[in-house]
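Q: Input: one structure, supplied below.
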Amino acid sequence: MHTGTVDAVSRLTVHLAGEHETDALVGLTCIPLLKIPTAVIEFRQPTGAFVWWEGWCEASAILGRVFPEHVDVGELREPEIAINSFVILDDVPRRAKIRARSAAASPNNVGALAVTVGGLTIACASRAAVECQVRGWHEAYEALALDGGFGLPSADEVAARVRADHARHAANELTLAAEEQRARQMR
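Here our numbering is used: the first residue of the sequence shown is -19, the next is one more, and so on.
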C-alpha cells in the first residue's frame, strides 16, 4: 500500500448579482480583509492583492462592452442558500484571469464578468455588481499600498497602466482587423 501526501486544490466561486456592500478593513491580527457578500478575504501577500486589483482594473476596462448602460440585461436570481466562506490569500499568483460574456451570448440573457485568481472566482451578473467589486478591491489594495514597505504602486497608478495597456491593445486589434480586411479584399 502506497502512503503519501495528496495535494488538493480548493475552488470557490462567489456569484454576485447586483449592488452590494464591500468593506475593506484591518482584522484583529493587523492583516487586511475584504468583506463581500458570502465571503471574507484575508490578504497575507501584498503581491496577491496587487494581482487581484489589476484583475478588477482589467474587468472595469471592458465593463461597458459586457454591460452597456443603456441595455437592460435582465437580473440573475439570488441563490436561496448563502454560503459564507473565509478565504486566505497567501500564495503569490502571477496573473488574474478575466472572463466575460455579453447578455446576447448568454443562454439566460444575463451577461457575466468574472475575475479568477488561483482557486477563487468572483463572478458578477450586473454592471452594479462589478462596480461594487471594483470599489471594494480598490479600497483593499489601497490599504496595503499606502501601508508602505511593500513597494506597491498606488491603486490609481495600477488602474492608469491597465487603461493605457487596453487602449494600446485595442488600437493594435483595430489595426490587425483592418489589415485582415484589406488582405481579404485583395484576394
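Just so you know, even glycine gets a beta-carbon here, dropped at the ideal spot from N, CA and C.
State the CB to CB distance for the pair residue -3 and residue 106, rounded to an integer number of angstroms; the pair is presumed to be in contact (CB under 8 Å).
A: With 8 Å as the limit, residue -3 and residue 106 qualify as a contact, their Cβ atoms being about 6 Å apart.
Q: Distance check for residue 28 and residue 93, CA to CA, integer angstroms please.
A: Near 20 Å, if we compare the C-alpha coordinates of residue 28 and residue 93.
Q: Mind reading off the beta-carbon distance from residue 73 to residue 97? Whole number of angstroms is fine, and I expect it under 8 Å.
A: About 5 Å; that satisfies the 8 Å criterion.
Q: Nearest to residue 64 by alpha carbon, out of 101, 18, 131, 3?
A: Looking at the Cα atoms, 18 is the closest of the given residues.
Q: So, is residue 68 buried or exposed, given that buried needs 16 or more other C-beta atoms within 10 angstroms?
A: When all chains shown are included, residue 68 counts as exposed.
Q: Classify residue -5 as helix, strand or coil using the three-state DSSP reduction.
A: Reduced to three states, the DSSP call for residue -5 is strand.
Q: Determine the DSSP secondary structure at residue 40, reduced to helix, strand or coil.
A: Note: residue 40 maps to helix in three-state DSSP.
Q: Is the beta carbon of residue 120 less than 8 Å from the beta carbon of residue 12?
A: Yes; because the gap between Cβ atoms is below 8 Å, this pair is in contact.
Q: Return the CA-CA distance between residue 158 and residue 81, expressed in angstroms with no decimal places.
A: The pLDDT assigned to residue 158 is 47, lower than 50, so where the model puts this residue is not dependable, and the model offers no usable value.
Q: Nearest CA to the CA of residue 143: which residue from -5, 42, -6, 24?
A: When each option's Cα is compared against that of residue 143, the closest is 42.
Q: Could you tell me if residue 30 is buried or exposed, where buried requires 16 or more neighbouring beta carbons within 10 angstroms of its beta carbon?
A: Buried: at least 16 other Cβ atoms inside 10 Å.
Q: According to the Cβ coordinates, are residue 34 and residue 112 closer than 8 Å?
A: The answer is no: Cβ separation not under 8 Å.
Q: In the structure shown, what three-state DSSP assignment does residue 176 receive?
A: For residue 176 there is no data in the structure shown, the boundaries of the chain being -19 and 167.
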